[in-house]
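**Q** Supplied in structure tokens, the structure appears directly below.
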Amino acid sequence: MNQSVQTTPEALRLLKEGQILISDSRVILFQKGEQLYAKGISWQAALSPNDFQRLFDQNTFWVYEKKEEKISSEKDEDYYQWASRYL
């Protein structure tokens, strides 16, 4: 989570583009089709754009960036050399 978003119009734009946002209060926000969703630890709610703006007007949002685990070709090679000897 690197990029911060300060305004709800900007947050709505990013949600429409398919980004996932996390609010200051640790609510996950995403859009599926035309519907906005807010998801907490034990709850989920569908929101209209107006509800979103009223509920999250004073929040800062963070763009969620999924970390991709890169496969180390060096470790992979070491494993297969070990496996071919011992298995």
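Residues are numbered in the working numbering as their position in the sequence shown, beginning at 1, plus a constant of 19. Here a beta-carbon is modelled for each residue, glycine too, at the ideal position from N, C-alpha and C.
For Q100, count neighbouring C-beta atoms within 10 Å of its own C-beta (all shown protein chains included) and say buried if the count is 16 or more, exposed if not.
**A** Under a 10 Å Cβ-count criterion, Q100 is classified as exposed, with fewer than 16 other Cβ atoms of the shown protein chains found around its own Cβ.
**Q** Give me the Cα-Cα distance between E53 and T26, rounded to the nearest whole angstrom.
**A** 20 Å
**Q** To which residues of the same chain is P9 closer than 7 Å at the C-beta, ignoring the five residues directly before and after it?
**A** Here the chain has residues from 20 to 106 only, and residue 9 is not among them.
**Q** When you compare only the Cα positions, how much space is there between F71 and I47?
**A** 12 Å
**Q** Rank S92, S44, N78, R45 by C-alpha distance to the C-alpha of E29 and give the top, closest one.
**A** Residue N78 is the option with its Cα nearest to E29.
**Q** In terms of residue numbering, what span does the beta strand (DSSP E) encompassing K51 cover?
**A** That run of the beta strand (DSSP E) goes 47-51.
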